[in-house]
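**Student:** In our numbering, the protein residues as written are 61 to 295.
Virtual Cβ for every residue (Gly too), placed ideally from N, Cα, C.
Have a look at this one.
Here you go:
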């Protein structure tokens, strides 16, 4: 099965670090795994990817193509640098006030430009009901009628950076619920898991009914990241 691993570098890195990362990743021989690297906007031009299994993404995008939107970056600008994907709705953006409506607008902007959204969804605490995740997905794709591509990254907020992971059974329950929604639509989709993935636990979580991972901090430790990538690719 085709797998996807997304590296969310967040507000980290330097020219030196990203050159080192891409030099090592470009040498990877992958059988059936696609990597999507999402650096901060500033470093996008420094990525020269020569490996056909590695693609470029970003961590956010404007919800409009209005030329008066100071400080915003639209998909057409990103595509000039080979960007094909954008994360939307990450919990760290939602904490700053990003609403389901804004996420929906960003997804529509991306799709109209031929880019693929990586939609992040997840509950805040272990006690919250799965209905929150379902609502986030439904609101994010509201009003999209034509065929589209979508990657969903299930990231329970309580697991991000904490070292805690949900059970494989719980992740499977989330995946089943999302598939019930998506299978009724004209959409090509993948479902990923994100939140505290490490060298020590990725093999256990890979047993879940998912298509790969969205990883954060460990993606900056390129040797550890490569171990995860190779482990998934060799399954």
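1) Any heavy atom of the ligand NAD within a distance shorter than 7 Å of the CB on residue 101?
2) Helix, strand or coil: how does DSSP classify residue 279 here?
3) Is DSSP giving residue 213 helix, strand or coil here?
4) Consult DSSP for residue 249 and reduce its assignment to one of helix, strand or coil.
5) Would you identify the three-state DSSP class for residue 268, choosing helix, strand or coil?
6) Cutting at 8 Å between CB atoms, please list the residues of its own chain near residue 164, excluding the five before and the five after it.
7) How close, in whole Å, do the beta carbons of residue 271 and residue 91 come, if the pair is a contact with beta carbons under 8 Å?
8) Going by C-alpha to C-alpha distance, which of 138, 160, 156 sits closest to residue 176?
9) Closer than 8 Å is the cut-off here; do at least three beta carbon pairs connect the segment 134-153 with the segment 208-226?
10) Does DSSP classify residue 81 as helix, strand or coil?
11) Would you kindly work out how many angstroms separate the C-alpha atoms of residue 269 and residue 242, rounded to a whole number?
12) I'd like to check one pair, residue 211 with residue 252: are the Cβ atoms closer than 8 Å?
13) So, are the CB atoms of residue 73 and residue 105 less than 8 Å apart?
14) Check for me: the alpha helix (DSSP H) holding residue 194 runs from which residue to which?
15) Whole angstroms are fine: how far does the CA of residue 131 sit from the CA of residue 95?
16) Comparing C-alpha positions only, which one of 246, 193, 102, 186 sits nearest to residue 224?
17) Would you call the CB atoms of residue 111 and residue 85 closer than 8 Å?
18) Determine the direct distance from the alpha carbon of residue 157 to that of residue 97, and round the result to whole angstroms.
**Tutor:** On the basis of the data shown:
1) Among the components of this structure there are no ligands whatsoever, and the ligand NAD is therefore not found.
2) Here residue 279 is taken as the residue at index 219 of the chain shown, counted from 1. In this structure, residue 279 counts as helix in the three-state DSSP scheme.
3) Sequence index remark: in the chain shown, residue 213 carries index 153 (1-based). Residue 213: strand per DSSP, three-state reduction.
4) Along the chain shown, one-based indexing puts residue 249 at 189. The answer is strand: DSSP assigns residue 249 an E or B state.
5) Position 208 of the chain shown, counted from the first residue, corresponds to residue 268. Secondary structure of residue 268 (DSSP, three-state): coil.
6) Start at 1 with the first residue of the chain shown, and residue 164 comes out as number 104. The residues are 199, 200, 201, 202, 203.
7) Walking along the chain shown from the start, residue 271 turns up at place 211. Walking along the chain shown from the start, residue 91 turns up at place 31. By a beta-carbon distance limit of 8 Å, residue 271 does not contact residue 91. Their separation comes to about 15 Å.
8) For the purposes of this step, residue 176 is taken as residue 116 along the chain shown, with counting starting at 1. Ranked by Cα distance from residue 176, the first of 138, 160, 156 is 138.
9) For the pair of segments examined, the segment 134-153 was found to touch the segment 208-226: the number of CB pairs separated by less than 8 Å reaches three.
10) Residue numbering aside, residue 81 sits at position 21 when the chain shown is read from its first letter. Looking at residue 81 - three-state DSSP - the assignment turns out to be helix.
11) Here residue 269 corresponds to residue number 209 of the chain shown, with the count starting at 1. Here residue 242 corresponds to residue number 182 of the chain shown, with the count starting at 1. Whole-angstrom Cα-Cα distance: 15 Å.
12) In the chain shown, the residue the question calls residue 252 occupies position 192. In the chain shown, the residue the question calls residue 211 occupies position 151. In this structure, the beta-carbon distance from residue 252 to residue 211 falls below 8 Å.
13) Reading the chain shown from its first residue, position 13 is the one you call residue 73. Reading the chain shown from its first residue, position 45 is the one you call residue 105. Against a cut-off of 8 Å, the Cβ pair of residue 105 and residue 73 comes out as no contact.
14) Reading the chain shown from its first residue, position 134 is the one you call residue 194. Bounds of the alpha helix (DSSP H) holding residue 194 are 191-200.
15) To locate residue 95, count along the chain shown from 1; it is residue 35. To locate residue 131, count along the chain shown from 1; it is residue 71. Their Cα atoms are separated by approximately 28 Å.
16) Indexing the chain shown from 1 puts residue 224 at position 164. Closest option to residue 224, Cα to Cα, is 186.
17) For the purposes of this step, residue 111 is taken as residue 51 along the chain shown, with counting starting at 1. For the purposes of this step, residue 85 is taken as residue 25 along the chain shown, with counting starting at 1. The answer is yes: Cβ separation under 8 Å.
18) As a position in the chain shown, residue 97 is number 37, starting the count at 1. As a position in the chain shown, residue 157 is number 97, starting the count at 1. If I take the Cα positions, the gap works out to 25 Å.
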